[in-house]
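> Residue numbers (the numbering used here), protein chains in the order written: chain A, 1 to 300; chain B, 301 to 569. For each residue, glycine too, the CB sits at the ideal point set by N, CA and C.
1) Using a threshold of 9 Å, state whether the C-beta atoms of residue 534/B and residue 506/B are closer than that.
2) Please tell me whether residue 513/B has its Cβ less than 9 Å away from any Cβ of chain A.
3) Which runs of the beta strand (DSSP E) spanning at least 3 residues fall entirely within the region 444 to 519 of chain B, listed in chain order?
4) 9 Å is my cut-off, CB to CB: does residue 369/B come that close to chain A?
5) Any chance you could list the beta strand (DSSP E) runs of at least 3 consecutive residues sitting entirely within the region 324 to 407 of chain B, in chain order?
6) Mind checking the region 419 to 432 of chain B against chain A and listing, in chain order, the residues whose C-beta falls within less than 9 Å of any C-beta there?
7) Within the chosen definition, does the region 534 to 547 of chain B reach the region 333 to 346 of chain B through at least 3 CB pairs nearer than 8 Å?
8) Relative to the alpha-carbon of residue 56/A, which residue among 259/A, 20/A and 180/A has its alpha-carbon at the smallest distance?
9) Please list the residues of the region 443 to 470 of chain B that have a C-beta atom closer than 8 Å to any C-beta atom in chain A, keeping them in chain order.
10) Excluding five sequence neighbours on each side, which residues of the same chain lie with their C-beta closer than 7 Å to the C-beta of residue 140/A?
11) What are the complete alpha helix (DSSP H) segments, minimum 4 residues, inside the region 211 to 296 of chain A?
12) Against chain A, which members of the region 345 to 367 of chain B pass a CB distance test of less than 9 Å?
13) How far does the beta strand (DSSP E) with residue 42/A in it reach, from first residue to last?
14) Buried or exposed, going by whether 16 or more other CB atoms sit within 10 Å of the CB of residue 469/B?
15) What residues from chain A crowd round residue 392/B, counting only those whose CB sits closer than 9 Å?
16) List the residues of chain B whose Cβ lies closer than 9 Å to the Cβ of residue 16/A, in chain order.
17) With DSSP as the reference, identify every bridge partner of residue 27/A, one or two as the case may be.
18) Any beta-carbon of chain B closer than 9 Å to the one on residue 120/A?
19) If we ignore side chains and look at the alpha-carbon of each, how far apart do residue 260/A and residue 185/A end up?
20) Please report whether the beta-carbon of residue 302/B lies at a distance below 9 Å from any beta-carbon of chain A.
21) Have a look at 467/B, 446/B, 457/B and 451/B and flag the residue whose alpha-carbon is nearest the alpha-carbon of residue 474/B.
22) Can you give me the Cβ contacts of residue 279/A inside the same chain, cut-off strictly under 6 Å, excluding the 5 residues immediately before and after it?
23) Just to confirm, is the Cβ distance from residue 567/B to residue 318/B under 9 Å?
24) Once you ignore the five residues that flank residue 301/B on each side, which residues in its own chain have a CB closer than 6 Å to its CB?
25) What does the alpha-carbon distance come out to for the pair residue 45/A and residue 38/A?
26) DSSP three-state label for residue 179/A, please.
27) With DSSP collapsed to three states, give me the class of residue 69/A.
28) Which residues in the same chain as residue 267/A place their Cβ atom closer than 6 Å to its Cβ, once the five residues preceding and following it in sequence are excluded?
29) Give the range of the alpha helix (DSSP H) segment to which residue 206/A is assigned.
30) Leaving out five residues before and five after residue 12/A in sequence, what residues of the same chain have Cβ atoms less than 7 Å from its Cβ?
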């Protein structure tokens with residue numbers, strides 16, 4: 001989805017000359033189209049994520065909207081305080097795009113596993129956090145985040161994620177999308193792991209369990225109404241994320257449920273410390289977490 | 301602003317900062333006093349800013365990266381007309397806007413700082429914005445010597461020379477004292493000008509209390525055309541108050557009533 005997103009960004013920036021794209025020397029074979037089409041709106045600042053965020057803040061304080069591009073933890077955790085102080089505190093129109101979110105770069109090792117980014121970014125003031133499930137969601141979210149003109153984090157996978165939605169599916173940062181309506185359990189997913197959630201719903205159907213599947217493009221703001229409706233309409237809730245289950249999507253959903261006095265049977269499927277130090281393909285690593293259908297069935 | 305000379309302005313700034321840190325029982329008076337002359341020349345004779353339009357698009361930008369020296373920054377902004385002089389009495393007060401570290405809710409402040417190593421990258425981003433827009437306004441950044449230990453500064457130093465940000469001027473308040481002792485003891489910077497020369501910056505080394513030298517350096521042509529400029533300003537921590545000069549203690553201690561009186565008497569304020 002990264003190529004589609006950068007293409008969408010290129011089109012958006014062509015129509016909006018106040019938009020600049022900065023990279024910390026990553027994005028080979030992805031960013032060239034933008035750089036060649038709009039050289040005055042592009043800068044490779046070198047391998048310096050902390051300075052990149054500060055530079056972005058300086059540009060934003062001078063009237064630009066700035067998009068930053070890098071991999072997984074580099075444009076988030078490496079420069080966390082710059083994002084917190086320089087961007088979020090000043091409420092500046094700077095959007096961080098991290099590719100390789102989750103375990104997309106699984107075989108590259110733990111340094112490249114972006115599994116705390118969503119939760120940490122969502123703690124920061126004024127920040128919107130988007131975690132699209134497929135290219136369709138990503139391309140729809142990009143202009144919404146740009147038009148918001150405030151701090152944003154857009155977490156992408158890498159290349160080749162399948163499209164999971166029908167082409168005319170509306171996508172809004174603040175609204176969950178129901179892909180499958182069931183009655184026993186609701187599978188609430190954020191990000192490309194939605195594909196596994198859909199497959200799990202099929203597997204559960206074969207066991208006689210009726211599952212709903214919802215996609216949450218917005219990690220923050222979270223569609224709280226959709227969470228509450230899911231809790232009221234099902235016996236159990238399972239959250240599904242390619243992210244640490246400590247402080248991640250499941251935690252945010254649980255906050256909403258407890259805040260509303262709802263206590264459905266509840267589980268969180270996602271990354272645990274058991275994965276730390278393991279390397280392998282994205283699929284192999286995700287398999288180590290057990291199947292979503294088994295986890296879902298155990299709640300009923 | 302009244303047409304007072306920058307030496308008079310510097311005395312006023314020092315007096316304000318002493319009163320403010322006394323009233324608020326706040327630290328960092330030594331850090332304020334060492335950059336009083338730099339601020340006086342900037343706000344009194346160099347910066348193209350307009351208190352009636354703090355966000356005037358073509359203004360010069362000053363980022364104060366050593367955000368702990370907030371008292372004297374607010375004093376300079378008040379003297380320049382960005383906020384009422386009386387408001388300085390609310391420095392660090394409950395519910396006030398004059399936080400103990402430089403904060404952007406104060407008119408004329410370009411960036412909230414307080415965590416070291418943040419200012420220069422932001423000032424570099426501002427300079428890049430001016431360069432890309434073909435605009436002539438300048439970006440200045442005042443850094444402490446101690447904060448040069450932060451790696452993020454050197455990322456910006458490298459970036460700014462590669463992008464040939466001639467509109468960027470860094471000013472190092474080189475008072476030779478950092479949090480736990482002298483720079484020489486904690487993390488020696490010598491030879492500092494050579495470090496910047498090696499990064500392809502234009503370098504000016506001067507006495508940071510010499511107004512004529514500061515004015516010449518801040519308003520003259522860049523020493524290395526097409527590249528950013530650093531002014532290595534040799535200063536004295538606590539400058540202007542004899543019993544504070546060169547003393548680490550005054551990074552932390554605030555002047556009591558008697559010390560305030562003695563200090564103001566020395567300044568003739």
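So, from the listed chains and residues:
1) yes
2) no
3) 468 to 474 and 502 to 507
4) no
5) 361 to 364
6) 419, 420, 421, 422, 423, 424, 425, 426, 427, 428, 429, 430 and 432
7) yes
8) 20/A
9) 451, 452, 455, 456, 458, 459, 462 and 463
10) 171
11) 224 to 233, 249 to 259 and 282 to 287
12) 357, 361 and 363
13) 42 to 44
14) buried
15) What residue 392/B touches in chain A: nothing, since even the nearest Cβ is about 18 Å away.
16) The premise fails here: residue 16/A is roughly 15 Å from chain B at the closest Cβ pair, so nothing lies under 9 Å.
17) Residue 27/A pairs with nothing; no bridge assigned.
18) no
19) 19 Å
20) At residue 302/B, the pLDDT of 43 sits below 50, so the modelled position is not reliable; the number obtained from the coordinates is stated separately. Not closer than 9 Å to any Cβ of chain A, the Cβ of residue 302/B fails to qualify, so no.
21) 446/B
22) 107 and 109
23) yes
24) In this prediction, residue 301/B has a pLDDT of 43, which is less than 50 and means its spatial position is unreliable; nothing more can be read from the coordinates.
25) 16 Å
26) strand
27) strand
28) 238, 295 and 299
29) 194 to 206
30) 19, 142, 143 and 146
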